[in-house]
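Student:
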Amino acid sequence: MKAVYFVSKGRYGMTERSITSLTSQDGRITGLDGLRSLAIMGVTFFHLFPQQLRGGYLGVSLFFVLTGFLLAYTSEKSARLRDFSLKEYVIKRLKRIYPSLILMLLTTLGVFYMLAPTVLAGMQTELLSVVLGYNNWWQIAQNADYFTRMLNQSPYTHLWFLGIELQYYALWPILFILYRLGIRRFGFRPALLAILFLALVSSLWMPFSYEPGVDVTRLYYGTDMRIYALLFGAALGLYQSHYTYEEPTYRKCWYGLFILGLGCTCAAYGILDGSYAITYQGAMWAMTVIFCILIFIAANPYLSVGRYLDSSLFRWIGKKSYALFLWQYPVIFLFQYMHWTDGTYLNGVHTVSLLSGLSLTIDVSAAAVWIAPLAELSLIILLSIWSDCITSSLTTFHLPRANQSFVTLQLVLFLLIALPPFVMAGYGCKGIFYATSHATTRTNHVQKLQEQMKDNEQFLQSQQTESVKQEEPSYHVEQTSSIACIGDSVMLGSAKALKEAFPNCYIDAKVSRYVGAGTDVARSMNDNGHLGDTVLIALGTNGPLDGQYEGDTERLLSYLGKDRHIYWVNVYCPNTSWQESNNTYLEKLSDAHSNVTIIDWKGPVSKHPEWLAEDGIHPNPTGAKEYAHIIKSVMTGKEEPQKGA
Numbered sequence: 239m240k241a242v243y244f245v246s247k248g249r250y251g252m253t254e255r256s257i258t259s260l261t262s263q264d265g266r267i268t269g270l271d272g273l274r275s276l277a278i279m280g281v282t283f284f285h286l287f288p289q290q291l292r293g294g295y296l297g298v299s300l301f302f303v304l305t306g307f308l309l310a311y312t313s314e315k316s317a318r319l320r321d322f323s324l325k326e327y328v329i330k331r332l333k334r335i336y337p338s339l340i341l342m343l344l345t346t347l348g349v350f351y352m353l354a355p356t357v358l359a360g361m362q363t364e365l366l367s368v369v370l371g372y373n374n375w376w377q378i379a380q381n382a383d384y385f386t387r388m389l390n391q392s393p394y395t396h397l398w399f400l401g402i403e404l405q406y407y408a409l410w411p412i413l414f415i416l417y418r419l420g421i422r423r424f425g426f427r428p429a430l431l432a433i434l435f436l437a438l439v440s441s442l443w444m445p446f447s448y449e450p451g452v453d454v455t456r457l458y459y460g461t462d463m464r465i466y467a468l469l470f471g472a473a474l475g476l477y478q479s480h481y482t483y484e485e486p487t488y489r490k491c492w493y494g495l496f497i498l499g500l501g502c503t504c505a506a507y508g509i510l511d512g513s514y515a516i517t518y519q520g521a522m523w524a525m526t527v528i529f530c531i532l533i534f535i536a537a538n539p540y541l542s543v544g545r546y547l548d549s550s551l552f553r554w555i556g557k558k559s560y561a562l563f564l565w566q567y568p569v570i571f572l573f574q575y576m577h578w579t580d581g582t583y584l585n586g587v588h589t590v591s592l593l594s595g596l597s598l599t600i601d602v603s604a605a606a607v608w609i610a611p612l613a614e615l616s617l618i619i620l621l622s623i624w625s626d627c628i629t630s631s632l633t634t635f636h637l638p639r640a641n642q643s644f645v646t647l648q649l650v651l652f653l654l655i656a657l658p659p660f661v662m663a664g665y666g667c668k669g670i671f672y673a674t675s676h677a678t679t680r681t682n683h684v685q686k687l688q689e690q691m692k693d694n695e696q697f698l699q700s701q702q703t704e705s706v707k708q709e710e711p712s713y714h715v716e717q718t719s720s721i722a723c724i725g726d727s728v729m730l731g732s733a734k735a736l737k738e739a740f741p742n743c744y745i746d747a748k749v750s751r752y753v754g755a756g757t758d759v760a761r762s763m764n765d766n767g768h769l770g771d772t773v774l775i776a777l778g779t780n781g782p783l784d785g786q787y788e789g790d791t792e793r794l795l796s797y798l799g800k801d802r803h804i805y806w807v808n809v810y811c812p813n814t815s816w817q818e819s820n821n822t823y824l825e826k827l828s829d830a831h832s833n834v835t836i837i838d839w840k841g842p843v844s845k846h847p848e849w850l851a852e853d854g855i856h857p858n859p860t861g862a863k864e865y866a867h868i869i870k871s872v873m874t875g876k877e878e879p880q881k882g883a
């Protein structure tokens, strides 16, 4: 650490004194790389294991606090040395963000153009929003329409975070100028309190805007909803820039507080689901305060916390955090889209012959549960190292003064490393052209799905004049006078085919319906005499069934009772994080309830993509007939019921 002396009497509202700088001799603030590694590990493992690490998304909030802290601290430090330059500020931000971003975009666009070009259709507006820094607002607008959202499953969904960061980069110089004017007029403390007051007021916007049962995309992606974390970090950074560090009196208390904060972070990573109401009603705010405490303690040069966090591994992860963030979701999306994670390519039990006539039996499908995530993580790390090598070489490249053979070897190695991105960049440009030329096609797909659902909604309205009641309880469909069908848009898209298969069924299906609405639907159907002894449920496409919604699922089954035979169609939504966990949960549900039978839709449809609309989730007219046929085959006993895949 080093001491910086300055005269601040009058101008800063302070007397002349020495300030112990947070920065070490190499210009780093101790502990921050370790906290970056904590943030990126949370985000990465949340993307890899969303059902196991439900709160890993909080790493984004930690990144926001770190960004606000560093911008404020470095800006104030430069201003004191009369070295703050808006031009240098902008150039530094651009060099930090765009080389790696453009490289990632062009490379992944090239890969998807070669392997899955349909993903790119109509993506030009999304790419524009990423580059210009408003992707979070673009995603909010897309989420307003269900079918647009389903068709726009994207490898760049995670870049909403970058949109908020870029918007804050543009806003911060204005805030900093106002803060400096406040110091000149009122002094340091009032100016700092103004920033802190702004942070506190903006933090109230999220809990006040939360409404139970309403989609939280606006709360999660909105800059106005998340800026408080950046402002809290800014207030801390400005305070730290004026703070005089002294030998702490109660070391053990500071260490204990840090361990407690770290424990709360790990616990929140594990249990604080992003769909919980408490997340938006105060828990995310509380975690932001905890992150500020962690930064304050880690940056203290008199405590050992920062030195432990600055271990070689944590520093390496922290320095690679931006590249790791950029590459992780495109890699995970590619694995999911190509079905490399569902065991299709690693399926079955294999026997390996050994010496002396011995053999070893290996269940490869079980190993695939771990092989796929490990392969994804390994590829993410390799791509991060590779892209950092490219960008650092391009921004700092110079010919060394050495013998000719050494220079030639360096150039050859550089070209070998740099050649793949230039090749992929060419394909990426073709991918952009493909995305632009197929924009109308994507719009037509959305309109087609909307028309199909609207037509089926009108078809189901004719049921309102019917009053079908169950007269004699039976588990056999042939003897049942009414089958109650409760579902989401997948069932709605197949409503006509289901009605043809079961003329006496009553269907209540709706777009965007999740399992939490199932009990109210069942109650309404019962009140109107439409709830017989056989119930068909198709819920789970729009969100997880386990975790927070286990209570809703059990509540629905409890209301339906043990005397009804319940058929539950498993889900096929391959580009979501909850497909496999939902189907596994349904298997366990069937084991726990003797009157619940799982109908396997995922297995057959995964082998017949021609049954699906362009979004890869909703059945087309052919798929709707197959959907109804599979359900009828199981319910009439012509085929053995299958467990979820």
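Position one of the sequence shown corresponds to residue 239 (this note's numbering), numbered consecutively onward.
We treat Cβ as the ideally placed atom computed from N, Cα and C, and that holds for glycine.
Just so we're clear, the structure is a prediction, and the values are computed from it rather than from any experiment.
So within the segment 479-567, which uninterrupted alpha helix (DSSP H) runs reach at least 4 residues, ignoring any that extend past its ends?
Tutor: Whole alpha helix (DSSP H) segments, 4+ residues: 489-509, 522-536, 543-547 and 550-557.
Student: Let me check understanding here. Comparing Cα to Cα, which of Lys330, Leu400, Arg761 and Asp784 lies closest to leucine 370?
Tutor: Leu400
Student: Any heavy atom of the ligand HEM inside 8 angstroms of the beta-carbon of valine 773?
Tutor: In the structure on display, the ligand HEM does not appear, and there are no ligands present to speak of.
Student: Please determine if the segment 403-418 and the segment 457-475 are in contact, where contact requires at least 3 C-beta pairs separated by less than 8 angstroms.
Tutor: Flag = yes, the segment 403-418 and the segment 457-475 touch.
Student: Exposed or buried, glutamine 290, counting other C-beta atoms within 10 Å across all chains shown (16 or more means buried)?
Tutor: exposed
Student: Could you check if histidine 803 is buried or exposed, using at least 16 other CB atoms within 10 Å of its CB as the buried criterion?
Tutor: buried
Student: Per DSSP, glycine 875 is paired with what?
Tutor: Within the DSSP secondary-structure output, glycine 875 pairs in no beta bridge.
Student: Taking the continuous alpha helix (DSSP H) assigned at threonine 772, which residues delimit it?
Tutor: No alpha helix (DSSP H) contains threonine 772, which is instead part of the beta strand (DSSP E) from 772-776.
Student: Hey, is glutamine 377's beta-carbon within less than 9 angstroms of any beta-carbon in chain B?
Tutor: In the displayed structure, chain B is absent; only one protein chain is listed.
Student: In whole angstroms, give me the CA-to-CA distance for alanine 851 and proline 857.
Tutor: 6 angstroms
Student: Just mark methionine 352 as buried or exposed, buried being the case when its beta carbon has 16 or more other beta carbons within 10 Å.
Tutor: exposed
Student: Report the option in Phe573, Leu794, Glu403 and Leu276 whose CA atom is closest to the CA atom of alanine 354.
Tutor: Of the listed residues, the one whose Cα sits closest to alanine 354 is Phe573.
Student: Does the separation of the CB atoms of isoleucine 724 and isoleucine 775 fall below 9 angstroms?
Tutor: yes
Student: If we ignore side chains and look at the alpha-carbon of each, how far apart do methionine 342 and glycine 841 end up?
Tutor: 34 angstroms
Student: Going along the chain, which residues of its own chain have a beta-carbon closer than 6 angstroms to the beta-carbon of glycine 778, five neighbours each way excluded?
Tutor: Val809 and Asn820
Student: When the Cα of leucine 564 is compared with those of Ile670, Ile618 and Thr757, which residue comes out closest?
Tutor: Comparing Cα positions, the closest option is Ile618.
Student: Compute the distance between the beta-carbons of tyrosine 744 and serine 720, then report whether it is under 9 angstroms.
Tutor: yes
Student: List the endpoints of the continuous beta strand (DSSP E) containing isoleucine 855.
Tutor: Per DSSP, isoleucine 855 belongs to no beta strand (DSSP E) and is neither H nor E.
Student: Just the C-alpha distance for histidine 768 and serine 762, rounded to the nearest angstrom, thanks.
Tutor: 9 angstroms
Student: Count the other CB atoms, across all protein chains shown, that sit within 10 Å of the CB of lysine 558; report buried if there are 16 or more and exposed otherwise.
Tutor: Buried, because 16 or more other Cβ atoms sit within 10 Å of the Cβ of lysine 558.
Student: Assuming contact is defined by CB atoms lying nearer than 9 angstroms, are glycine 294 and threonine 282 in contact in what I supplied?
Tutor: yes
Student: Using the beta-carbon count (16 or more within 10 Å), is leucine 404 buried or exposed?
Tutor: buried
Student: Suppose the cutoff is 6 angstroms on Cβ atoms and the five residues either side in sequence are ignored; what does the same chain contact list for leucine 698 look like?
Tutor: Ala733 and Ile745
Student: Between the alpha carbons of threonine 757 and proline 486, how many angstroms are there, rounded?
Tutor: When rounded, the distance between both Cα atoms is 57 angstroms.
Student: Are asparagine 374 and threonine 461 touching if we call contact CB-CB under 9 angstroms?
Tutor: yes
Student: Measure the Cβ-Cβ separation of alanine 317 and phenylalanine 414 and say whether it is below 9 angstroms.
Tutor: yes
Student: Is DSSP giving alanine 747 helix, strand or coil here?
Tutor: Note: alanine 747 maps to strand in three-state DSSP.
Student: Check this for me: beta carbons of glycine 520 and proline 450, under 9 angstroms apart or not?
Tutor: no
Student: Give the straight-line distance between the Cα atoms of arginine 853 and arginine 456, rounded to the nearest whole angstrom.
Tutor: Note on identity: in this sequence residue 853 is aspartate, with arginine being the wrong assignment. Approximately 23 angstroms, taken between the alpha carbons.
Student: Taking only the alpha-carbon atoms, compute the straight-line gap between arginine 793 and valine 773 and give it to the nearest angstrom.
Tutor: 15 angstroms
Student: Alanine 739 to alanine 862, Cα distance in whole Å?
Tutor: 11 angstroms
Student: Count the CB pairs spanning the segment 266-280 and the segment 531-546 that are closer than 8 angstroms, and state whether there are at least three.
Tutor: Taking 8 angstroms as the limit for Cβ pairs, the verdict is that the segment 531-546 does touch the segment 266-280.
Student: Could you tell me if glycine 501 is buried or exposed, where buried requires 16 or more neighbouring beta carbons within 10 angstroms of its beta carbon?
Tutor: exposed
Student: Per the DSSP calculation, leucine 850 is bridged to which residue(s)?
Tutor: Pro857
Student: Could you compute how far the alpha carbon of valine 728 sits from the alpha carbon of lysine 845?
Tutor: 17 angstroms
Student: Considering just the uninterrupted stretch of the alpha helix (DSSP H) at valine 454, what are its terminal residues?
Tutor: That residue, valine 454, is in no alpha helix (DSSP H); it is neither H nor E in DSSP.
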